[in-house]
Amino acid sequence: MKMAPNAVNVALELLAERRYGDFARRALGLLYEQRVAYGLRRDLEIPLVPPQAKIPIRIREMQDKDLPALFDGIESGMSRKERVEMLTRRAHLEAAIPTCYVAEDERNGAPCYFQWLMGPQQNARIQAFFPPGIFPVLRADEALLENAYTPVAYRGNGIMSAAMALIAERAATLGCRYVITFVEKDNIASLKGCKRSGFAPYLERAESRFLFNLIRRRRFRALGVS
Ligand SMILES: CC(C)(COP(=O)(O)OP(=O)(O)OC[C@H]1O[C@@H](n2cnc3c(N)ncnc32)[C@H](O)[C@@H]1OP(=O)(O)O)[C@@H](O)C(=O)NCCC(=O)NCCS
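Position one of the sequence shown corresponds to residue 612 (the working numbering), numbered consecutively onward.
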């Protein structure tokens, strides 16, 4: 339901930019669209040598001082796609579900990646905040990694795989052996990053959206990969 006004705004922006082909695809997609995502899982008991990024990074919890660098440019100077990505993450931040980690560029202290690691202790808040049925209820030994983001200027440095590999390991402090994450089938950059940080597909999530996103149906299918 929440998506309808945003969808209208997007459609108006596409028209204003004279992107008629994109507008037509978007309009058709509002009547019926199917999206497929993979659930990927890492078993922390399987040893992994974390990949190295091209720049020196260290992982820590997000702090207030990181927010201007990450969020101040949302309203201006970002493409529509990046703005939508960042608005999603700002809403996640406002929901205050612990814990958001950042990778810090060790050369200047700037945040160059962020992502949430959420344990089963947060099940009620996860299910209340995210769209219904988008994530399974976490088992006692499972944590969820979501909403990865590398600011555009830092992309292509292998930061996602290096940072995600290390953030996933923090799940052990939540008593979890497994870490899961969900990635849209066509998000190749993210799928590559997940693979390099030790994640393998184990679930498929198919989502059907009808009539301006008013009706949504989601189902999971096991992929039979451990
Ligand atoms: C996904 C994302 C986090 C990757 O960040 P990153 O730190 O740049 O990741 P990496 O440097 O490890 O690059 C990932 C790989 O994807 C590749 N890649 C990037 N865009 C691509 C595209 N459109 N198609 C195919 N491959 C792509 C990169 O070249 C790189 O591969 P390579 O190392 O073999 O050259 C970043 O693109 C991002 O923030 N995207 C927007 C938000 C998002 O999609 N988050 C993930 C939600 S599941």
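Each residue gets a CB set at the ideal place from its N, CA and C atoms; glycine is no exception.
- At a cut-off of 6 Å, is methionine 689 close to ligand 1 when judged by its beta-carbon and the heavy atoms of the ligand? The count along the sequence shown starts at 1 and reaches residue 689 at position 78. No.
- Item | Proximal residues to arginine 830 (C-beta, below 6 Å), its chain only, five neighbours per side dropped | By one-based count along the sequence shown, residue 830 stands at place 219. Only Ala817 meet the Cβ criterion.
- Along the alpha helix (DSSP H) that carries serine 770, what are the first and last residues, could you check? As a position in the sequence shown, residue 770 is number 159, starting the count at 1. As written in the sequence, residue 770 is isoleucine, which differs from the serine given in the question. From DSSP, the alpha helix (DSSP H) with isoleucine 770 extends over 770-780.
- Item | Own chain residues within Cβ distance below 6 Å of arginine 736, not counting five before or after | Counted from its first residue, the sequence shown places residue 736 at position 125. Here the set comprises Ile708.
- Message: Any heavy atom of ligand 1 closer than 6 Å to the beta-carbon of serine 801?
- Response: Translated into the one-based positions of the sequence shown, residue 801 becomes position 190. Under cutoff, so the answer is yes.
- Which of the three DSSP states, helix, strand or coil, is assigned to glutamate 815? One-based indexing of the sequence shown puts residue 815 at position 204. Three-state DSSP puts glutamate 815 in a strand.
- Which class does asparagine 758 belong to by DSSP, given the choice of helix, strand or coil? Working through the sequence shown from its first residue, we reach residue 758 at position 147. DSSP places asparagine 758 in strand when its eight states are reduced to three.
- Item | Close beta carbons around serine 819, own chain, < 6 Å, minus the five adjacent residues each side | Looking up residue 819 in the sequence shown gives position 208. Excluding residues within five positions, the ones whose Cβ falls inside 6 Å are Gln645, Arg828.
- Hey, how far is the Cα of proline 667 from the Cα of proline 742? Sequence index remark: in the sequence shown, residue 667 carries index 56 (1-based). Sequence index remark: in the sequence shown, residue 742 carries index 131 (1-based). One C-alpha to the other measures close to 36 Å.
- Task: Pick helix, strand or coil for glycine 835, following the three-state DSSP scheme.
- Result: Position 224 of the sequence shown, counted from the first residue, corresponds to residue 835. Correct three-state label for glycine 835: coil.
- Task: On the DSSP bridge assignment, give the partners of arginine 828 in chain order.
- Result: To locate residue 828, count along the sequence shown from 1; it is residue 217. Answer by DSSP bridge pairing, in chain order: Ser819.
- Do leucine 651 and threonine 792 have their CB atoms nearer than 7 Å? Here residue 651 refers to the residue found at position 40 when the sequence shown is read from its first residue. Here residue 792 refers to the residue found at position 181 when the sequence shown is read from its first residue. Yes.
- Return the residue from the list Tyr789, Thr699, Glu715, Arg653 that minimises the CA-CA distance to lysine 676. On the sequence shown, position 65 is the one that residue 676 refers to. Nearest option by C-alpha distance: Glu715.
- Query: glutamine 663 to serine 772, Cα distance in whole Å?
  - Reply: Counting from 1 along the sequence shown, the entry for residue 663 is found at position 52. Counting from 1 along the sequence shown, the entry for residue 772 is found at position 161. Looking at the two C-alpha atoms, the distance is approximately 8 Å.
- Query: Residues bridged to alanine 648 by DSSP?
  - Reply: In the sequence shown, residue 648 corresponds to position 37, counting from 1. Paired residues: Glu795, Arg816.
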